[in-house]
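In what follows, a structure is listed as structure tokens, so that the remarks can point back to it.
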Amino acid sequence: MSTMEGLPVRSIHIAYARDRELRMEARSRRFVPVKLVIDGRSSNAQLGIRGGHTRNYPKKSYELRLPDGEILHWNAEMDDPSMMRNALSFQFFTMIGVPAPRTKHFWLEWNGEPQGVYLEIESVNRNFFKRRKISYKSLIYGTNDNANFSLIDPETKRRKASLIDGYEWIRGGDISKKRLGRFVGRINRLKGNMLRQCLIRNLDIRQYLHWLAGAVLTGNYDGFDQNYALYEHPPTGRYRIIPWDYEGTWGRNCYGRPCGSDLVPIQGYNKLTEKVLAFSSCRQAYRKILVKLLRKPFTVEDLGPVIDRMHNHIAAAIYHDHTRKHDYRTFMREKEFIRQYIHERRQVVKRELAGWKD
């Protein structure tokens, strides 16, 4: 296996015309044929540019579709000076019992030219569930701010044209769409015991509260109204939630700017969270989860070694990566930056919990 300063090398071979075509239409969903080499094995693939505001960056992020149905997400992580925030977040979610994508840092070569360090993120698709032996009936991505479980469009401030605006269906047909639309409508319409019964029937509340705690502790402002996946769990018929795109975390926003440790309140955002936490039993359960996670593993003692291992693993390759927006000195300071965030975030959450009404 080819390596660069300890990182595996992935190679893309693409025709010049296809490359030019792809970059001239960076905002499109176009995919072009490429030759992919991983661990010395060559295969055909379809490659497209992925991301939101990052599509306009010189260094692109990519989605690769392989013939066997596997999908790879290659993130340039240009806004994250640590190059670790997504990977660290998903590892933290796994530590607290919430399924999250696996990640791997690698070195990319493009037609033989070095493109620097990338982060490979596992796609949340059928293979994700198969690897974890989790059954699922439907799979839905929350792709923009309309995926806020509200009746109101956050931009226009008017009622949504459809209650399933903001979602992309990966698996599931009209029945699945109608079910989610009914669920969103009911949680906004029902009150009291009828709302409670609706939530119990349709949502894995305990799993949702663990996801909420993970989003709150990592400080992911963007993770409540989008950047998550919903799936129906057949044994229970309830929705469960999976995190996605956690670059804007651990004290920096999605543009890489410091945002403090108190940006996200412990009650999070979005209408579904508001409805769940309207019930005392849910607030009590959520408090217990947060208190438990503050004891372990959301501590510098538990996460510090994880941060060190990840940082040390990529440091040499980052030093040789001249494609990055942030310099190497900034990268080297990020270990302490993230540690300081954890320390401050713990104090913020403890302070907010002290005023939390069960």
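Count along the sequence shown from 1, then add 1; that gives the number in the working numbering.
Positions of the beta carbon are idealized from the N, C-alpha and C atoms, including for glycine.
These figures come from a predicted structure and were not determined experimentally.
Hey, would you say residue i sits closer than 8 Å to residue j, going by beta carbons?
i: Y63; j: L48; result: yes
i: S12; j: L73; result: no
i: H234; j: I290; result: no
i: L213; j: T274; result: yes
i: D80; j: Y256; result: yes
i: K272; j: N221; result: no
i: M385; j: W111; result: For residue 385 there is no data in the structure shown, the boundaries of the chain being 2 and 359.
Excluding the 5 residues preceding and the 5 following residue i in the sequence, name in chain order all residues of the same chain whose CB lies nearer than 6 Å to its CB.
i: D263; result: V349
i: K326; result: M79
i: E335; result: P82, S83
Using the Cβ count rule (16 or more neighbours within 10 Å means buried), how would you classify residue i?
i: G224; result: buried
i: S151; result: buried
i: D201; result: The amino acid at residue 201 is misidentified as Asp; the sequence shows Ile. That one is exposed.
i: I176; result: exposed
i: V35; result: buried
i: N76; result: buried
i: A16; result: exposed
i: H323; result: exposed
i: P82; result: buried
i: R1; result: One cannot answer for residue 1 here, as it falls past the ends of the chain, which runs 2 to 359.
i: Q116; result: buried
i: Q285; result: exposed
i: M25; result: exposed
Just curious, the beta strand (DSSP E) that residue i is in, first and last residue?
i: S177; result: Counting along the chain, S177 falls outside any beta strand (DSSP E), though it belongs to the alpha helix (DSSP H) covering 175 to 190.
i: E123; result: 114 to 123
i: E64; result: 62 to 66
i: G143; result: 140 to 143
i: I233; result: Reading off the sequence, residue 233 comes out as Glu, not Ile. 229 to 234 is the extent of the beta strand (DSSP E) around E233.
Near residue i, what residues of its chain come up, given a Cβ to Cβ distance below 7 Å and the 5 sequence neighbours on each side ignored?
i: A101; result: F91, F94, T95, I243, P244
i: T219; result: S90, F93, Y247, T250, W251
i: C260; result: G252, R253, N254
i: E71; result: N128
Could you name the residues of the same chain whose beta carbon sits closer than 8 Å to that of residue i, not counting the 5 residues immediately before and after it, in chain order?
i: P155; result: D146, N147, N149, D226
i: A27; result: I50, R56, N57, K61
Quick check on the DSSP output: the alpha helix (DSSP H) that includes residue i runs from which residue to which?
i: R132; result: 127 to 133
i: Q198; result: 193 to 203
i: W212; result: 206 to 219
Determine, using beta carbons only, whether residue i comes closer than 8 Å to chain D.
i: R190; result: This model lacks chain D altogether, as it is built from one protein chain only.
Is it true that the stretch 168 to 187 meets the stretch 304 to 313, where meeting means three or more beta-carbon pairs spaced less than 8 Å apart?
With a cut-off of 8 Å, the stretch 304 to 313 and the stretch 168 to 187 do not count as touching, because too few Cβ pairs lie within range.
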